[in-house]
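Shown next, in structure tokens, is the structure this report addresses.
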Amino acid sequence: MDKNLQNIEDLFRKGLESNDEVPPEKVWNAIDQSLEKTTNLTYKKKYYFLKRATAVLTIVVVLLGVYIIRNESKNHKASNEHVITSKAQRNLNQNIDSATEAENEAPAKGLQKDIIPGNKDVNPAGEKEPGINKPETKGESQIDTSTALILSNPAFHGNKNSNEQYRLFSKKKWETISNEKLSGNERVIGKEPWQLDFPLPSHVTFEKPQSLFSRKGKLNFNNEIAPFQSPAKTFSVIHIHTPALSRFYATAFYSPNISFSHLRDEDHHFGNPYSRDFERKEKESYSWSFGVWVGYRSNNKWSLQTGLNLSTLKMNLEPEKIFAQRDNQGKVKYQINTSSGKGYLLPSFSNNPRVGDSLFARSINHSLQYLGIPIAAKYFLSNKRLSVNLLTGLSANILCHGKISTEVEKGMEHEHENIHEINGLKPVYFSGLAGFGLSYNFYRNVSFSFSPTFNFALDPINKNVPVNSYPGTINFQFGITKDF
Amino acid sequence: MAFESTIRENESLLLEETRQLIKSCLNEDRHAQRMLYELYAPRMFGICLRYAKNREEAEDIMQEGFLQVFKSLQNFKFSGSFEGWIRKIMVYSAIAKYRGKSKLHSVLTIENENIIAYENEDILSRLGKKELLQMVQDLPPAYRMVFNLYVFEGLKHREIAEQLDISEGTSKSNLHDAKLILQRAVMNSMKIANQKSTNG
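Residue numbers (our numbering), protein chains in the order written: chain A, 1 to 484; chain B, 1 to 200.
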């Protein structure tokens, strides 16, 4: 009995050990589908980090924007209200008294030595001040608003009839100006112990002078003035500092993109069956762009920019059976369809097909390359080194290259094919741009910028094809900007 | 000597090809995944058929198994046989399927019968692989599982007990009963075959 049972083991081992059998095609199809789902899930996971990073950056940019806007409005309010604190008022009175004393004592050094309060034009020695022009009464000359230090003579503050005047350090020389000369672009800066102790002209904004003063309280912006000490009792000092607006700038950027396509049947009266089919079998892949923006700032809020960029759109199609059909020249070739257009191929192992012959095309990749010429308006808000901006514009996109690559097989034969001509693609399509950005000025005129931008096709990239494709991308532009 | 060296060369070539294929599969190259599948599918389907009660179940096991293969490819260290590694996954896939249904499995009471001894060669010459496979597939699931693990995978009763979450005694008893059932099935088939040949 045991021997018989041992025989049974051997019998089945011998009989079934090498029982190879080809499984039906549906097994692979099911595996293929599951793998596709897994791949999509992997892509989702990959993009999950990118999405989170984008969300965080968006929040940071929005918060910074709010902070900058609040700061701006605070400063504006301060200047409009002409706040004179009681302390400032006290200083004003003291200064007026001191000014009279100073007139007699003729201060020994520094600016106090050079400027006599209560007297518009004459220094204590009765000479013309070195480097200081006579007051301009006609109000014709323009103030250089790039960098200036302004001294106000408090002797005039109480005098309603007096045309209030300021001593201005501009273009490396002193001049006396009236408040009418202030253009409104100036930013007036004050710091302890130099309190702002008189009303400012309504069009001049007040700002703390962190950028002008070192921690020790010395002026930073000009070595000639660096030793300048507090004018103490004689003069109130305010500083005008309006950084020169760099009109031109250039930005070089690289951008990883998330791409997508809106598809629509050219003849969509019967629904969109072709589009739906492509939406099912076509998956966007990683794409990128890089380029240059050049811009012109019309003022400190708006700029207009244009440039050049090279971008790619990549898509993968599910493997499928392709059939031989006549091409535009009437030759019979295997036709491969994508959402952008169709391509023809003729593999060496089947170079004389009849209409209807088929091949299996695997790993179909489809890529388009465009040269973009954008034009965009940019609105920006700046605060010291940081600025946030909003951008909107248009772009003309010129087709540079379109390629379909695939691997075709029939039986044991297979061959890699590259198709460089995609029928149906238009040479140019237009897209809209909308986005926002954040820029950080890390060195002199050089800034680092990050700008998520939405680029969406306004017209289809193809025509005379069953499916019109409207591609779009979300660009994450990382750039370096240089002001000129 | 020359023949052995040719075999070794072919083996190393195959190993290199498999290695390349695995690397491509790790990059989620669907073409490579398909090639790998086609390379091992017939052998693995044969195994799955033995563990399943029918083709549909075998297809399910196969599908689950290959998905697990692609998912776990990065864990394959190229230190042993790749085919052995895939085979193990298929068997685990079959065990998982069995464990999922284990509550539904019935166990039969087998009575001993008088056995007529046949030579294995004689049986194999008369019965096809298909019939033998059908006999295995017709075994109750618990018996089929133990029989397969013991006879084809070479597992010991202790290991089978661990895998199937049963006692060692149950494993032994199931194997014994499985063999009795198969023996009876073989005898019946042989009888029919004999009758056919006599009538023919």
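C-beta atoms are modelled at their ideal positions from N, C-alpha and C, and glycine is treated no differently. Being a predicted model, the structure only gives us computed values, none of them experimental.
Any chain B beta carbon closer than 8 Å to residue i
i: A/Lys14; result: yes
i: A/Leu35; result: yes
i: A/Asp20; result: yes
i: A/Pro24; result: yes
i: A/Pro347; result: no
i: A/Leu304; result: no
i: A/Val388; result: no
Closest Cα partner of residue i within the set the options
i: A/Val408; options: A/Leu425, A/Gly402, A/Asn441 and A/Tyr334; result: A/Tyr334
i: A/Leu394; options: A/Arg70, A/Gly15, A/Ala457 and A/Tyr379; result: A/Ala457
i: B/Leu132; options: B/Lys172, B/His176, B/Phe66 and B/Ser189; result: B/Ser189
i: B/Asp138; options: B/Ile22, B/Arg34 and B/Val186; result: B/Val186
i: A/Glu417; options: A/Lys14, A/Asn351, A/Thr473 and A/Gln305; result: A/Asn351
i: B/Val91; options: B/Phe147, B/Gln74 and B/Ser24; result: B/Phe147
i: A/Lys37; options: B/Pro42, B/Ala58 and B/Arg30; result: B/Arg30
i: A/Ala396; options: A/Tyr254, A/Gly307, A/Pro24 and A/Ile69; result: A/Gly307
i: A/Ala498; options: A/Val292, A/Leu263 and A/Asp277; result: The structure shown does not extend to residue 498 of chain A, since chain A is modelled only from 1 to 484, so the question has no answer here.
i: A/Ser469; options: A/Asp20, A/Phe248 and A/Phe278; result: A/Phe278
i: A/Gly65; options: A/Tyr379, A/Lys463 and A/Leu345; result: A/Tyr379
i: A/Val294; options: A/Phe323, A/Ile322 and A/Phe253; result: A/Phe253
i: B/Ala142; options: B/Asn174, B/Val151 and B/Leu124; result: B/Asn174
i: A/Ile375; options: A/Gly402, A/Thr392, A/Arg70 and A/Leu386; result: A/Thr392
i: A/Leu425; options: A/Gly411, A/Gly437, A/Lys410 and A/Leu399; result: A/Leu399
i: B/Lys130; options: A/Leu16, A/Val467, A/Gly330 and A/Gln325; result: A/Leu16
i: A/Ala324; options: A/Asp357, A/Leu310, A/Ser339 and A/Ser311; result: A/Asp357
i: A/Glu266; options: A/Glu21, A/Trp28, A/Ile474 and A/Val465; result: A/Val465
Min CB distance residue i to chain A below 8 Å
i: B/Arg126; result: no
i: B/Val146; result: no
i: B/Ser157; result: The sequence shown places His at residue 157 of chain B, not Ser. No, because no Cβ of chain A sits closer than 8 Å to the Cβ of B/His157.
i: B/Leu15; result: no
i: B/Tyr37; result: yes
i: B/Ile226; result: Within the shown structure, residues of chain B are numbered from 1 to 200, placing residue 226 of chain B beyond reach of any answer.
i: B/Leu133; result: yes
i: B/Gln63; result: yes
i: B/Gln137; result: no
i: B/Arg50; result: yes
Residue i - containing beta strand (DSSP E), residue span
i: A/Asn445; result: From DSSP, A/Asn445 is part of no beta strand (DSSP E); its letter is neither H nor E.
i: A/His416; result: Glu413 to Ile419
i: A/Tyr485; result: Within the shown structure, residues of chain A are numbered from 1 to 484, placing residue 485 of chain A beyond reach of any answer.
i: A/Pro374; result: Ser358 to Asn383
i: B/Ser167; result: First-last for B/Ser167: undefined, no H or E at that position.
i: B/Glu38; result: It is not in any beta strand (DSSP E) - B/Glu38 instead sits in the alpha helix (DSSP H) that spans Arg30 to Tyr51.
i: A/Glu320; result: Glu320 to Arg326
i: A/Asp265; result: Phe248 to Asp265
i: A/Tyr344; result: Lys342 to Leu345
i: B/Gly154; result: No beta strand (DSSP E) holds B/Gly154; DSSP gives it neither H nor E.
i: A/Tyr286; result: Segment: none, A/Tyr286 is in no beta strand (DSSP E) and carries neither H nor E.
i: B/Val146; result: Run containing B/Val146: none in the beta strand (DSSP E); it sits in the alpha helix (DSSP H), Pro141 to Phe147.
i: A/Asn497; result: No answer is possible for residue 497 of chain A: it lies beyond the span of chain A, which begins at 1 and ends at 484.
First and last residue of the uninterrupted alpha helix (DSSP H) at residue i
i: A/Met315; result: Looking at the DSSP string, A/Met315 is not in any alpha helix (DSSP H); the run it does join, the beta strand (DSSP E), is Trp302 to Leu317.
i: A/Asp277; result: Pro273 to Lys281
i: A/Val408; result: Counting along the chain, A/Val408 falls outside any alpha helix (DSSP H), though it belongs to the beta strand (DSSP E) covering Leu386 to Lys410.
i: B/Lys201; result: Because chain B spans 1 through 200 in this model, residue 201 of chain B falls outside it and cannot be assessed.
i: B/Leu71; result: Before going further, note that residue 71 of chain B is Lys rather than Leu in the sequence given. B/Lys71 -> alpha helix (DSSP H) spans Arg55 to Ser72.
i: A/Val355; result: Premise fails: A/Val355 is in no alpha helix (DSSP H) and is neither H nor E.
Residue burial classification, residue i (beta-carbon count within 10 angstroms, cutoff 16)
i: A/Leu368; result: buried
i: A/Phe430; result: exposed
i: A/Arg362; result: buried
i: A/Gly479; result: buried
i: B/Ile181; result: buried
i: A/Thr406; result: buried
i: A/Gly341; result: buried
i: A/Ser282; result: Checking the sequence shown, residue 282 of chain A turns out to be Glu, not Ser. Burial call: buried.
i: A/His420; result: exposed
i: A/Thr453; result: buried
Residues of its chain near residue i, where Cβ-Cβ distance is below 7 Å and the 5 sequence neighbours each way are ignored
i: A/Pro471; result: Ser259, Ser261, Leu313, Ala457 and Ile461
i: A/Ser447; result: Ser439, Tyr440, Asn441 and Thr481
i: B/Gln33; result: Cys25 and Phe70
i: B/Thr18; result: Phe82
Interface flag, residue i vs chain C, CB-CB below 8 Å
i: B/Pro42; result: Protein chains in the displayed structure are A and B, and chain C is not among them.
Same chain only: Cβ atoms within 6 Å of residue i, ignoring 5 sequence neighbours per side
i: B/Leu36; result: Leu21 and Cys25
i: A/Gly512; result: The requested residue 512 of chain A is not part of the displayed model; chain A covers only 1 to 484.
Close beta carbons around residue i, own chain, < 8 Å, minus the five adjacent residues each side
i: B/Gln68; result: Ile89, Tyr92 and Ser93
i: A/Ser86; result: Any reading at A/Ser86 needs caution, since the residue's pLDDT is 32, under 50, leaving its predicted position unreliable; the model's value is listed next. Taken in chain order, the list of residues that qualify is empty.
i: A/Ser298; result: Leu304
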